[in-house]
Structure formats: C-alpha cells, structure tokens
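Colleague: The structure's right below; bear with me while I get my questions together.
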Amino acid sequence: MCKDFYEVKPLKNIKSDACVEVCVPGSKSITNRALLIAAMANGESTLKGCLSSDDSTYFIECLKTLGFKVISQKNGLDYDITISGCGGEIPNKNAEIYVGSAGTAARFLVAMLAFSDGEYTVNSSEQMKKRPMAPLIDSLRSAGAKVTCTEEEGHFPLIIKGAGKAAVPEKIAVNIDKSSQFLSALLIAASTLEKEIEIEATGSHGLSYVELTLEMMKAFGSSPKVQAKDACVSYKFSGSESFNAREYEIEPDMSAAAYFYALAAISGIRLSVKGVTSDMLQGDTQFLTVLQKMGCKLITNDKGYSEIIGAPDGKLSGGFTVDMSSFSDQALTLAAIAPFADAPITITGISHIRLQECDRINAIVQNLSALGVKVSENSDGVTIYPSTPEGNVIQTFDDHRVAMSFALTGLKVPGVRILNPDCCKKTFAQYFDVSEDVIRKITL
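Using our numbering, the first residue of the sequence shown is number -6, and each one after it goes up by one.
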C-alpha cells in the first residue's frame, strides 16, 4: 500500500439481500506454533495454509538461520510449508537471530534455545524491546540457562547460553499475568526434553491460547497431564513425549475473520468466512457470541461455516459487560463498533493488552475520544457509550489491530483516516484490499 494514511469510504446503498463469503489468511497463532513444533519433530512435516505475514516471515528466517530446512510454496493468500524436523535438536549451535516484532516467535524461540546446548544472540525490533519478557527470562534462568539482557534487564536483546537437556530441573515455575505465551513456550520446549518434568503456572491470564497449544501438541504426539491446584495449574511430562512429523492443516485466522463479522453486524448483511466453524481451536470464536448479544443472528450455513446475519439496519444492542480476557485481540474490534450500540458496553479483563504492540487500552480511549465518542477507562478495560462519531485521524501506534479495527468505524462515519496502514503487514497485508472487495459485493 505504501501510503501515509488510508481514507475509509463509508458504506452506501447496501443491497437488501447482500450475502457474501470472505477468505482470510491462516491463523497467526496456529502458524507460529506449528512452525516450532514441526522444527522440533522427528522427520518432515507439511503445514498447509500457513499465514504469509511479517510475523511468520521472521519466524521462518529464524528457523533457517538456526539450521532447519524450510521450503515455502505460495497457495492463494497463504503458504504451504515443509519443515525437516531434527528431533528436538537445533542444528546450528551458535547463531544470531532477529525476531522483529513477532511476540510469538520471540517467546517460543527463546525457550527452545534456553533448553539447548548452544549459545545464541536474539535481537528484536524497538517495539518488541518494550514488551514484557522478564517472567519468561526468570523461568529460563531457574532452569539453568544463562540469559544476558544486553540493554535493559528483562527485555530484548538477549544472549542465551542453553542449559542443555540434562541440566533442566524437574520443576519449572512461570507467572503468566502478562502473557500466556510464556507458558506455551515452555510447554512446547519441554516436550523435547525426554525426561520427567513439571511446568507450574500461576497468574490471572486467560488460558484459551494455552489450550490451543496443548491441542496442537497432542496432534503432533505430545500430551502432558494437566492438573489444577489452588491458584496454579501444573503440566506434567512423563519423559516419553516427543513430536512426530505429520501433515497439518492451519485453520483460517479467527482474529482476521472477526473484522468481517463485525462489518456484517454494523451493515445488516449476511456474511460467512471460508473455513470458520464453531469447533475451531481458536478462542476468538467467542466474539461471535458477543455479536449475538448485540442483536446479530449466528447460524451454520449449508457449507458448514459460521454465518452472521447483521443487526437490522446495523442497529446494535448494548447494555452488557463482557470479560474478554480469553479473546482480548477482539477488544479493539468490539470497541470500534460499540459506539453504534443503543446502550453502554463495558469490556473487562484486558489489562494485559497495555503491554502488547502498543498500549491498546490507551489506543481505544485516545481514538474514540478523537472521534467524539464518550469512553471511560477502567482498571482493566473500558466502557463505551452510545455516540454519534465524527471523522478524524486514527493513530495506529504501528499496531495492526488498531488499524484494522478502526477501519470498521469509518464504514459508518465519513472522514476517518487510518495513519500508517502498512502496519497491517504484521498479520494481514491484504486487509484493505479484501475489505474493499467485500464492500463492492454488498453495495449497489
């Protein structure tokens, strides 16, 4: 796109019988987990429908630098990727990698490196340097790895000297208040240790993405025993776990799909997303239930896909509170359409999104206020009141989800301009092109 801003064109002349099916890329969360698990598996795996994005590109380049054989073949919006796994070993024992702003790659690769017998330098973008790493670093140090923060303690860049499998203790604790990725990273890495080990997690972060990790681990042959006790959850490995190579189909990205379901909600059309079903692994499918609360209908169409029928004339219902701790990527999406509801909507359980690509709660408050929307900030979320937004500039803070979410507001409000739209390349480079194609299909 290479533009300083993207001006959203408001929806006009919507077809009364508009019904459209949308294609979105593969899931970022599943793609990045599958890349690491396949690299740690025994033998050659083929991953079908992988996301093509900045995040996945950084992950793949890191794996190549570490000595793994990775072959990519483009397939529509996505890629089919073949990875030759090395049975839990890292081919290159000394390397320097760059994770960019890819939080999943950053956390997952660091855990894998810490359990190895090599020495590695891990660099990142300036944005990633600001994101939390200290809880994971503390856990890896307790496991015997030597982790040196070369700039600010608890942050990238890092030098990691691996503990070696034999030296990793029988129990590792981790706090996930700031990110459940810390736990997922340790779980995947622990599957390669070939020894009895327990990972104990404490913290209030939602576990939906950890459950996704466990389901994917199971698909590749590793199933630790899970036990909840008091204020923590433990994951016990018997020592017989390992990952086996296989062909694996990546689900469509529900985070990307949610923007189009929200488009249906505010326009009153019927819309489905190819491949999105009610039994997907991704916790963001809970967003469809929120849209039902707002007056939309959710059905399964004749292809088996989840289909939203938008609120009549796009008039949404409000007057509820929703805990989005387990699907917090959609907090921005809901915030962007909440001003069009007939009563206030309160979003809770999202204090941790202050520490993502940007302070996303601040992004919600600042951008809604700029549009003339009444919004109040709470300890762990926001309350958004019915308003008549006015056009203005949207500050994206180099955050792809801010850009994609507030483009929805612009579909109902003239004069909304999205600064730095290229930040969408992080996960969905074609977002505005796909949106424009949908709009062409549903308008006269």
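Note that the Cβ used here is the ideal one computed from N, Cα and C, for glycine as well.
Note that the coordinates shown come from a computational prediction; the quantities given were computed from them, not determined experimentally.
1. Assuming the contact rule is C-beta atoms closer than 8 angstroms, Glu163 and Glu189 should be a hit. Round their C-beta distance to whole Å, please.
2. Consult DSSP for Asp(-3) and reduce its assignment to one of helix, strand or coil.
3. Please name the residue in Val409, Ala98, Gly403 and Lys434 whose C-alpha comes closest to that of Leu264.
4. Going by C-alpha to C-alpha distance, which of Tyr298, Lys296, Lys290 and Phe320 sits closest to Leu309?
5. With a threshold of 16 other CB atoms inside 10 Å of the CB of Thr326, please say whether the residue is buried or exposed.
6. With three or more C-beta pairs closer than 8 angstroms as the rule, is the stretch 245 to 259 touching the stretch 295 to 303?
7. So, do the stretch 40 to 51 and the stretch 67 to 74 have three or more beta carbon pairs nearer to each other than 8 angstroms?
8. Would you please state the rounded distance, in angstroms, between the beta carbons of Gln120 and Glu350? I believe it to be under 8 angstroms.
9. Hey, Lys171 and Gly196: beta-carbon distance below 9 angstroms or not?
10. Counting pairs of beta carbons, one from the stretch 372 to 380 and one from the stretch 330 to 342, are three or more of them closer than 8 angstroms?
11. Run the CB neighbour count on Gly276, radius 10 Å, all protein chains shown included, and call it buried at 16 or more, exposed below.
12. Express the C-alpha separation of Ile357 and Tyr483 in angstroms, rounding to a whole number.
13. Thinking just about the alpha-carbon of each residue, which of Gly199, Tyr254, Asp426 and Gly80 is nearest to the one in His345?
14. Apart from the five residues on each side of it in sequence, which residues of its chain come closer than 7 angstroms, Cβ to Cβ, to Gly297?
15. Can you tell me the Cα-Cα spacing of Ala138 and Asn371, whole angstroms?
16. Over what stretch of residues does the beta strand (DSSP E) that includes Asn87 continue unbroken?
17. Could you check how far apart the C-beta atoms of Glu191 and Ser227 are, in whole angstroms? I think they sit under 8 angstroms.
18. Taking three-plus beta-carbon pairs below 8 angstroms as touching, is the stretch 73 to 93 in contact with the stretch 50 to 58?
19. Report the option in Thr420, Lys67, Asn413 and Pro382 whose CA atom is closest to the CA atom of Leu404.
20. Three or more C-beta pairs closer than 8 angstroms, one from the stretch 21 to 38 and one from the stretch 100 to 116: is that the case here?
21. When DSSP labels each residue in this structure, what does Ser369 get in the three-state scheme?
22. Along the chain, where does the alpha helix (DSSP H) containing Ala324 start, and where does it finish?
23. Using a Cβ-Cβ cutoff of less than 6 angstroms, which residues in the same chain neighbour Leu133 once the five nearest sequence positions on both sides are dropped?
24. Counting only runs of 4+ residues fully inside the stretch 142 to 202, write out the alpha helix (DSSP H) ranges in chain order.
25. May I have the straight-line CA-CA distance separating Ile292 from Tyr252, to the nearest angstrom?
26. For Ala27, write down the residues that DSSP places opposite it in a beta bridge.
27. Going by the beta-carbon positions, is the gap between Gln323 and Ser369 smaller than 9 angstroms?
28. Is it buried or exposed, Thr314, if we count other Cβ atoms within 10 angstroms and call 16 or more buried?
29. Which term fits Asn413, buried or exposed, when burial requires 16 or more other beta carbons within 10 angstroms of its beta carbon?
30. Could you give the C-beta distance for Asp(-3) and Lys418, rounded to a whole number, given that I count them as a contact under 8 angstroms?
31. Below 8 angstroms CB to CB, which residues in the same chain sit around Lys21 once its five sequence neighbours on both sides are set aside?
Modeller: Concretely, from the data shown:
1. Going by Cβ atoms, the distance from Glu163 to Glu189 rounds to 6 angstroms, so yes, they are a contact pair.
2. Asp(-3): coil per DSSP, three-state reduction.
3. That would be Lys434, whose Cα lies nearest to the Cα of Leu264.
4. Closest by alpha carbon: Lys290.
5. Around the C-beta of Thr326, 16 or more other C-beta atoms lie within 10 Å, and the residue is accordingly described as buried.
6. A contact exists between the stretch 295 to 303 and the stretch 245 to 259.
7. The stretch 67 to 74 and the stretch 40 to 51 touch, with three or more beta-carbon pairs separated by less than 8 angstroms.
8. The beta carbons of Gln120 and Glu350 sit about 6 angstroms from each other, so the pair counts as a contact at 8 angstroms.
9. Using a Cβ distance threshold of 9 angstroms, Lys171 and Gly196 count as a contacting pair.
10. Yes, they touch.
11. Burial state of Gly276 is buried, judged by a 10 Å Cβ sphere holding 16 or more other Cβ atoms.
12. Any property of residue 483 remains undetermined from this structure, which presents the chain solely from -6 to 437.
13. Of the candidates Gly199, Tyr254, Asp426 and Gly80, the one whose C-alpha sits nearest the C-alpha of His345 is Gly199.
14. Around Gly297: Thr270.
15. Whole-angstrom Cα-Cα distance: 39 angstroms.
16. Where Asn87 is concerned, the enclosing beta strand (DSSP E) starts and stops at Asn87 to Tyr91.
17. Confirmed, about 5 angstroms.
18. Contact between the stretch 73 to 93 and the stretch 50 to 58 is present: three or more C-beta pairs spanning the two stretches fall below 8 angstroms.
19. Nearest option by C-alpha distance: Pro382.
20. Segments in contact, yes.
21. Reduced to three states, the DSSP call for Ser369 is strand.
22. Per DSSP, Ala324 belongs to the alpha helix (DSSP H) from Ala324 to Ile330.
23. Result list for Leu133: Ala107 and Val140, in chain order.
24. Counting whole runs of 4 or more residues, the stretch 142 to 202 contains the alpha helix (DSSP H) stretches 174 to 183.
25. Near 18 angstroms, if we compare the C-alpha coordinates of Tyr252 and Ile292.
26. Looking at the DSSP assignment, Ala27 forms no beta bridge with any residue, so it has no partner.
27. In this structure, Ser369 does not lie closer than 9 angstroms to Gln323 by Cβ.
28. Exposed, by the Cβ-count rule.
29. It is buried - the Cβ of Asn413 has at least 16 other Cβ atoms within 10 Å.
30. A Cβ-Cβ distance of about 15 angstroms is found for the pair Asp(-3) and Lys418, leaving them out of contact under the 8 angstroms criterion.
31. Excluding positions up to five away in sequence, the list reads Leu44, Ser46, Asp48, Ser49, Thr97, Asp246, Ser248 and Thr420.
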